[in-house]
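J.: Okay, handing you the structure first.
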Amino acid sequence: MNFKIAVLPGDGIGPEVTLESVKLLEAIGRKYGHTFNFEHGAVGGNAIDDFGSALPDSTLKTAKSSDAVLFGSVGGPKWDDPKAKTRPEDGLLAIRKGLDLFANIRPVKVIPQLIDSSTLKPAVLEGVDFVVIRELTGGLYYGRPQKRWTTSRGRRAVDTMAYTEKLVGRVLRVGFEMARGRKKKLTSVDKANVLETSRLWREMAVEIGKEYPDVELEHVLVDTAAMQLVRTPSRFDVMVAENTFGDILTDEAAVLCGSMGMLPSASLAGIPEPGTKALGLFEPIHGTAPDIAGKGIANPIASILSTAMLLRYSLGLEEPALLIEDAVGRALSDGYRSADIASPGDTVIGTQQMGDIIVSLLG
Ligand code: NAD
19 MNFKIAVLPG DGIGPEVTLE SVKLLEAIGR KYGHTFNFEH GAVGGNAIDD
69 FGSALPDSTL KTAKSSDAVL FGSVGGPKWD DPKAKTRPED GLLAIRKGLD
119 LFANIRPVKV IPQLIDSSTL KPAVLEGVDF VVIRELTGGL YYGRPQKRWT
169 TSRGRRAVDT MAYTEKLVGR VLRVGFEMAR GRKKKLTSVD KANVLETSRL
219 WREMAVEIGK EYPDVELEHV LVDTAAMQLV RTPSRFDVMV AENTFGDILT
269 DEAAVLCGSM GMLPSASLAG IPEPGTKALG LFEPIHGTAP DIAGKGIANP
319 IASILSTAML LRYSLGLEEP ALLIEDAVGR ALSDGYRSAD IASPGDTVIG
369 TQQMGDIIVS LLG
C-alpha cells in the first residue's frame with residue numbers, strides 16, 4: 019500500500035529522534051511492501067524564524083492531505099521571550115485544533131528491563147500498564163480571555179478554563195471505548211469539589227457511563243490521582259482527564275517508565291475501527307530537551323513507539339506495530355541503553371545507534 023506521511027520534526031531534539039522514526043518506517047516499508055511518501059513541513063521555532071508563523075499554512079495543508087503526521091517537538095530558549103507575539107507551542111496547539119485531534123492517547127507501560135531506571139521502588143512498578151486519555155482542544159490552553167494587564171494595584175493575569183458538552187462528551191466516549199477494549203475500568207479525573215467545568219465533566223461521565231454498563235467507572239480528584247500515580251500506579255487501567263490535568267499527570271507518569279524519552283503518544287479524532295485509516299498525529303510526550311539537543315544522545319524510543327502507534331491507529335497496520343514494540347523490548351533486553359535510561363555499568367549508545375539496533379531487530 020501507499021501512504022503519505024507528513025513529517026514535522028520541529029526544534030531541539032525533535033529532528034534527531036524523528037529521523038530515527040523515518041528510518042524505521044522505511045525499513046517497515048521494505049519488509050511489508052508498503053511505500054511511505056514523506057513530506058516534510060516546518061513547525062515551531064524554526065517555522066517562526068523562516069516563515070513568521072509557528073504553523074505555516076503550507077504545513078497545515080500537508081498535514082491535512084496526509085494519512086498520518088509524525089511530529090517531533092517544538093520550543094526552546096531562543097523563542098522564550100514572554101513578550102513574543104508568536105510562540106513555538108502555538109504551532110502545536112494550532113495543528114491539534116486544525117485537524118480536530120481532540121483525544122491524546124498516552125500509554126504508560128513499565129518495561130520490566132527498565133524497572134531499575136525509575137526513581138520509584140520496583141514493587142510499586144510491578145504490573146503497571148495503563149493508558150491516559152487527555153482532552154486536547156479545550157480547557158485552559160484555549161479558553162478566552164487569556165491576558166495580562168497592569169492596574170493601579172499591580173499586574174494582573176487571567177486564563178479561562180472553558181468546556182462544552184460536545185468537547186467533554188466526545189473525549190469521555192473515547193475513554194469508555196478504550197476501557198471496553200482493556201480491563202473495563204475507567205478512572206475519570208476531575209476537580210469537581212472546586213471547579214464548575216469539572217462538575218460538568220463528572221455529571222457527563224455518569225450519564226455516558228450508563229451507555230457502558232460493562233465498564234466500571236470511578237471518579238478521582240486530580241490531586242488524589244497525582245498521589246495514587248506514584249503510590250499505587252498499577253490500580254489504573256484507563257484514565258481520562260481534561261487538557262491541563264492530563265498534561266501534568268502524564269509527565270508524572272513518565273517517571274514510572276524511567277524517562278521522558280520512553281513515552282509515546284497519539285492524538286486522534288476518536289478511536290478508529292481496527293483495520294481502518296484515520297488521520298492522527300504521533301509524537302513523543304517529551305519536549306525539545308535543549309540541554310542535550312545537538313549532542314546525538316537523545317533517546318529515540320518515545321518517537322519510535324509513537325511510530326508504532328501511527329501504524330496501528332492511522333494506517334490500520336497492527337502487525338508491524340507489534341513488531342516495532344517487540345524490537346524495542348529486545349533492544350532493551352540485549353542491554354542497549356541511551357544515557358537517560360542507563361544504570362551505572364551499562365554500555366551507553368547514542369540516538370542513531372539505538373535507531374539502527376531497533377531497525378536491525380525487525381528481522
Ligand atoms: P523536555 O521534555 O524537553 O526535557 C525534560 C528533561 O527530560 C530534560 O532533562 C531532557 O534532557 C530530558 N529528555 C526529554 N526527552 C528526552 C529524550 N528523548 N532522551 C533523553 N532525555 C530526554 O521538557 P522541558 O525541558 O520542560 O522543555 C524544553 C522545551 O520543550 C520547552 O521549550 C517546552 O516548551 C518544550 N516542550 C515541547 C513539547 C512538545 O512539543 N510537545 C512538550 C513539552 C515541552
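FYI, the numbering for the sequence shown is 19 to 381, going by my numbering. By construction, the Cβ of each residue, glycine as well, lies at the ideal position given by its N, Cα and C atoms. This one's a predicted model, so the numbers in the text were calculated from it and none came from an experiment.
1) Going by DSSP, what residues sit across from N55 in a beta bridge?
2) Any idea which residues DSSP pairs W167 with across the strands?
3) Please tell me whether R348 and V366 are closer than 7 Å, where the distance is taken between their beta carbons.
4) Buried or exposed for E260, going by 16 or more other Cβ atoms inside 10 Å?
5) Following a CB-centred definition, is V92 positioned closer than 6 Å to any heavy atom of the ligand NAD?
6) By DSSP, does I310 sit in helix, in strand, or in coil?
7) Terminal residues of the continuous beta strand (DSSP E) containing M257?
8) Quick one: Cα of E34 to Cα of G314, how far?
9) Can you round the beta-carbon distance between V258 and V224 to whole angstroms, since I take them to be within the 8 Å contact cut?
10) Assess contact between the region 172 to 182 and the region 284 to 295, defined as three or more Cβ pairs (one per stretch) separated by less than 8 Å. Is contact present?
11) Using 8 Å for Cβ pairs, my map puts P338 next to I46. What's the rounded Cβ distance?
12) For V240, I'd like the list of residues in its chain whose CB is within less than 6 Å of its CB, leaving aside the five on either flank, ordered along the chain.
13) According to the Cβ coordinates, are P251 and G94 closer than 7 Å?
14) Taking 7 Å as the cut-off, decide whether the C-beta atoms of V146 and P125 are in contact.
15) Give me, in chain order, the residues of the same chain whose beta-carbon lies closer than 6 Å to that of E343; leave out the 5 immediate sequence neighbours on both sides.
16) Put E301 into one of helix, strand or coil per three-state DSSP.
17) Can you determine whether any heavy atom of the ligand NAD sits closer than 6 Å to the C-beta of M372, and answer yes or no?
18) Note down the Cα distance separating L328 from P302, rounded to an integer number of angstroms.
19) Check whether the Cβ of D75 lies closer than 6 Å to any heavy atom of the ligand NAD, and answer yes or no.
20) For P106, which of K165, D29 and E38 has the nearest alpha-carbon?
21) Would you call N122 buried or exposed, if buried means 16 or more other Cβ atoms sit within 10 Å of its Cβ?
22) In the DSSP assignment, find the unbroken alpha helix (DSSP H) run with D241 in it and report its ends.
23) Thinking just about the alpha-carbon of each residue, which of I151, A65, V176 and K165 is nearest to the one in G190?
24) CA-CA distance, D68 and G62?
T.: Straight from the coordinates:
1) Counting from 1 along the sequence shown, the entry for residue 55 is found at position 37. Residue pairing of N55 in beta bridges, as defined by DSSP: K22.
2) Position 149 of the sequence shown, counted from the first residue, corresponds to residue 167. Here W167 is bridged, per DSSP, to R174.
3) As a first step, residue 348 is located in the sequence shown; it is residue number 330 there, counting from the start. As a first step, residue 366 is located in the sequence shown; it is residue number 348 there, counting from the start. No; because the gap between Cβ atoms is not below 7 Å, this pair is not in contact.
4) Taking the first residue of the sequence shown as 1, we reach residue 260 at position 242. A residue is called buried when at least 16 other Cβ atoms come within 10 angstroms of its Cβ; E260 meets this threshold and is buried.
5) As a working note, residue 92 is residue 74 in the sequence shown. Relative to the ligand NAD, V92 has its C-beta within less than 6 Å of a heavy atom.
6) In the sequence shown, residue 310 corresponds to position 292, counting from 1. Correct three-state label for I310: coil.
7) In the sequence shown, residue 257 corresponds to position 239, counting from 1. Per DSSP, M257 belongs to the beta strand (DSSP E) from V256 to A259.
8) Indexing the sequence shown from 1 puts residue 34 at position 16. Indexing the sequence shown from 1 puts residue 314 at position 296. E34 and G314: Cα-Cα distance of roughly 7 Å.
9) Start at 1 with the first residue of the sequence shown, and residue 258 comes out as number 240. Start at 1 with the first residue of the sequence shown, and residue 224 comes out as number 206. At roughly 13 Å, the Cβ-Cβ gap does not stay under 8 Å, so V258 and V224 are not in contact.
10) Flag = no, the region 172 to 182 and the region 284 to 295 do not touch.
11) Here residue 338 refers to the residue found at position 320 when the sequence shown is read from its first residue. Here residue 46 refers to the residue found at position 28 when the sequence shown is read from its first residue. At roughly 5 Å, the Cβ-Cβ gap stays under 8 Å, so P338 and I46 are in contact.
12) Mapped onto the sequence shown, residue 240 falls at position 222. Excluding sequence neighbours, V240 sits near V207, K209 and F263.
13) On the sequence shown, position 233 is the one that residue 251 refers to. On the sequence shown, position 76 is the one that residue 94 refers to. No, Cβ-Cβ distance for P251 and G94 is not below 7 Å.
14) Position 128 of the sequence shown holds residue 146. Position 107 of the sequence shown holds residue 125. No. Outside cutoff.
15) Stepping through the sequence shown from its first residue, residue 343 is reached at position 325. The residues are A326.
16) Within the sequence shown, the letter at position 283 stands for residue 301. Looking at E301 - three-state DSSP - the assignment turns out to be strand.
17) Position 354 of the sequence shown, counting from 1, holds the residue named residue 372. For the ligand NAD, no non-hydrogen atom lies closer than 6 Å to the CB of M372.
18) Mapped onto the sequence shown, residue 328 falls at position 310. Mapped onto the sequence shown, residue 302 falls at position 284. C-alpha separation (whole angstroms): 12 Å.
19) Residue mapping note: residue 75 aligns to position 57 of the sequence shown, counting from 1. Result no, Cβ not under 6 Å from the ligand NAD.
20) Mapped onto the sequence shown, residue 106 falls at position 88. Ranked by Cα distance from P106, the first of K165, D29 and E38 is D29.
21) Within the sequence shown, residue 122 is the residue found at index 104, counting from 1. That one is buried.
22) The residue you call residue 241 lines up with position 223 of the sequence shown. Run containing D241: V240 to R249, per the alpha helix (DSSP H) assignment.
23) Working through the sequence shown from its first residue, we reach residue 190 at position 172. Correcting the residue identity first, residue 190 is Leu in this sequence and not Gly. Put simply, of I151, A65, V176 and K165 the residue whose alpha carbon is nearest the alpha carbon of L190 is I151.
24) Numbered from its first residue, the sequence shown carries residue 68 at position 50. Numbered from its first residue, the sequence shown carries residue 62 at position 44. D68 and G62: Cα-Cα distance of roughly 10 Å.
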